[in-house]
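These notes concern the structure reproduced below.
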Amino acid sequence: MPWPDLTIGGRDQPSWIIKPRADARAHLAVVSNQPVVADQAAVNEHRPPPWLEGQPLDFAAFGRQLNRALSSHATIDAEAWLALVETVPWTLRDYVWRAADIRLSKAAKAALRKPENRAIYERIEAVRLCRPDGDKLYFQTPKQEFDAYAAVFRRFASPMACMYFMGGMVSLLSLRNETSTLAHHGEGSYDDRLVVLRRIGSTGTSTIFPICTEPGAQYSQRAAGKQGGGRQDRRYGGVHFNKIDGEDGNNDKIKDLGRLIEGTYHYYEKPGGHVGARAFQTKTTQVVERDTDGDGRFTSADPKRIDAKKAGTSMFIHQGGKDSVLEPDTWSAGCQTIPTNRYKAFLATVGRPASLFYVLVNAAR
Numbered sequence: 001m002p003w004p005d006l007t008i009g010g011r012d013q014p015s016w017i018i019k020p021r022a023d024a025r026a027h028l029a030v031v032s033n034q035p036v037v038a039d040q041a042a043v044n045e046h047r048p049p050p051w052l053e054g055q056p057l058d059f060a061a062f063g064r065q066l067n068r069a070l071s072s073h074a075t076i077d078a079e080a081w082l083a084l085v086e087t088v089p090w091t092l093r094d095y096v097w098r099a100a101d102i103r104l105s106k107a108a109k110a111a112l113r114k115p116e117n118r119a120i121y122e123r124i125e126a127v128r129l130c131r132p133d134g135d136k137l138y139f140q141t142p143k144q145e146f147d148a149y150a151a152v153f154r155r156f157a158s159p160m161a162c163m164y165f166m167g168g169m170v171s172l173l174s175l176r177n178e179t180s181t182l183a184h185h186g187e188g189s190y191d192d193r194l195v196v197l198r199r200i201g202s203t204g205t206s207t208i209f210p211i212c213t214e215p216g217a218q219y220s221q222r223a224a225g226k227q228g229g230g231r232q233d234r235r236y237g238g239v240h241f242n243k244i245d246g247e248d249g250n251n252d253k254i255k256d257l258g259r260l261i262e263g264t265y266h267y268y269e270k271p272g273g274h275v276g277a278r279a280f281q282t283k284t285t286q287v288v289e290r291d292t293d294g295d296g297r298f299t300s301a302d303p304k305r306i307d308a309k310k311a312g313t314s315m316f317i318h319q320g321g322k323d324s325v326l327e328p329d330t331w332s333a334g335c336q337t338i339p340t341n342r343y344k345a346f347l348a349t350v351g352r353p354a355s356l357f358y359v360l361v362n363a364a365r
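Going by the working numbering, 76 is the number at position 76 of the sequence shown; the sequence numbering is gapless.
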């Protein structure tokens with residue numbers, strides 16, 4: 001027989017690990033290790049299987065096993081499952097629950113609502129209602145990284161994007177960290193995270209790149225002098241003005257910068273590329289939000305901030321300036337830009353798909 005797969009990326013539980021016994025009550029794969037006493041009813045209390053407790057924790061396997069235990073309609077040892085998650089560094093624990101959340105069946109979700117499972121239910125609901133971390137995370141294995149970001153992708157992506165992802169198509173997840181358009185003299189910030197995901201069987205690959213998902217004030221009409229058609233807004237005094245871009249969102253005769261609202265976008269190769277390299281463009285009109293009050297932020301305080309028509313398909317994915325210099329210029333007036341010194345690696349990772357889905361999520365502040 002072939003040598004068994006003991007790696008962290010192996011399938012859930014190889015059949016050779018647990019040998020069936022005549023007394024099914026003594027089966028220790030997912031039930032409590034309480035001793036079985038003759039003529040005494042067994043306590044069917046599901047626990048994490050011993051092989052899952054090896055370090056580092058396999059997030060996806062944890063989710064599958066928790067779903068299996070909850071779906072069995074038996075009492076689970078909630079404390080044992082919670083204790084297993086506690087073995088993971090605290091910065092990564094939310095992602096264990098995210099990986100579990102996307103794998104829960106209807107029966108498992110119903111079981112979670114039982115009073116005895118309330119502690120697990122609260123943790124899963126908490127991660128569903130909060131935004132993912134946009135900072136750099138230090139996973140213990142590449143598979144943990146893939147499982148974590150795949151769970152975020154599947155949580156926020158459209159059904160069609162999820163179907164493409166599950167079919168093994170290259171997919172993009174972008175985590176946006178809110179940044180003022182006035183930052184770095186209005187030249188933008190590569191402080192967002194782009195994750196290129198590809199599912200391969202029960203695991204997959206994830207590659208991370210810096211990206212800018214917001215415009216820089218260098219393209220704002222408020223930063224231009226009167227000779228350039230600007231308004232000489234004092235708040236923009238330190239901006240290195242480039243040119244005017246944007247649309248008037250609130251009819252005050254000032255063109256307002258815009259950024260993509262979070263959501264799922266279907267991109268295709270842009271004929272002819274953009275700024276000297278391959279680029280990607282949608283075929284449907286994109287919805288953007290505009291900084292109509294000019295404070296450099298995109299918030300609910302901006303009057304008439306949602307623009308569902310004027311942006312068209314102008315928010316590309318393309319290369320920006322280098323991030324290896326002291327003051328990078330992202331070249332973004334609202335497009336999703338990746339540093340030119342990393343762009344070849346990005347294109348090599350993506351390949352030449354007929355199309356790809358891009359899921360943009362506002363990260364936790």
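Don't be surprised by glycine CBs; every beta carbon is placed ideally from N, CA and C.
Keep in mind it's a predicted model, so treat the numbers as computed, not measured.
*Under 7 angstroms between the Cβ atoms of T365 and E178?*
Note that residue 365 corresponds to Arg in the displayed sequence, not to Thr. A Cβ-Cβ contact shorter than 7 angstroms links R365 with E178.
*Hey, E247 and G216 are a contact pair by Cβ (cut 8 angstroms); roughly how many whole angstroms apart?*
Contact doesn't hold; Cβ gap of about 16 angstroms is too wide.
*Note down, one range per segment and in chain order, each beta strand (DSSP E) of at least 3 residues found wholly within the region 196 to 274.*
Entirely contained in the region 196 to 274, the beta strand (DSSP E) runs reaching 3 residues are, in chain order, 203 to 211, 258 to 260, 263 to 269.
*Is it the case that the Cβ atoms of I317 and F280 are separated by a distance below 7 angstroms?*
yes
*Could you tell me if R123 is buried or exposed, where buried requires 16 or more neighbouring beta carbons within 10 angstroms of its beta carbon?*
buried
_Short of 6 angstroms in beta carbon distance, which residues of its chain neighbour R21, apart from the five on each side in sequence? Order them along the chain._
In this predicted model, R21 has a pLDDT of only 38, less than 50, meaning its place in the structure is not dependable enough to derive any value.
*With 16 other CB atoms within 10 Å as the buried threshold, where does A107 fall?*
exposed
*Give the straight-line distance between the Cα atoms of L360 and T264, rounded to the nearest whole angstrom.*
6 angstroms
*Straight-line CA distance for C212 to S220?*
Cα to Cα, C212 sits roughly 17 angstroms from S220.
*Spatial distance of T340 from S332 (CA atoms)*: 13 angstroms
*As assigned by DSSP and simplified to three states, the class of F346*: helix
*C-alpha gap between Q286 and M315, whole angstroms*: 8 angstroms
*Taking the C-alpha atoms as reference points, what is the distance between Y138 and K253?*
47 angstroms
_By the DSSP assignment, the alpha helix (DSSP H) with R93 in it spans what residues?_
93 to 101
*Helix, strand or coil: which one does DSSP assign to G63?*
Here G63 sits in helix by DSSP.
*Helix, strand or coil: which one does DSSP assign to R176?*
strand
*asked:* DSSP has P339 in a bridge; who is on the other side?
replied: G320
*asked:* Starting from E289, trace the beta strand (DSSP E) in both directions and tell me its first and last residue.
replied: 288 to 290
*C-alpha gap between W90 and F165, whole angstroms*: 28 angstroms
_I338 versus L172: straight-line alpha-carbon distance, rounded_ = For I338 and L172, the distance between alpha carbons rounds to 13 angstroms.
*Once you ignore the five residues that flank G296 on each side, which residues in its own chain have a CB closer than 7 angstroms to its CB?*
S180, T181, L182, A217
*Take A119 and list the residues in its own chain whose beta-carbon comes closer than 7 angstroms to its own, dropping the five residues that flank it on each side.*
A78, L82
*Check the DSSP bridge columns for F280 and list the partner residues they point to.*
E269, I317
*Ends of the alpha helix (DSSP H) at Y149?*
142 to 156
*Taking Cβ positions, are R199 and G168 nearer each other than 7 angstroms?*
yes
*asked:* Considering only their Cβ atoms, is the gap separating P210 from D323 smaller than 7 angstroms?
replied: yes
*List the endpoints of the continuous beta strand (DSSP E) containing E359.*
The amino acid occupying residue 359 in the given sequence is Val; Glu does not appear at that position. Where V359 is concerned, the enclosing beta strand (DSSP E) stretches over 356 to 362.
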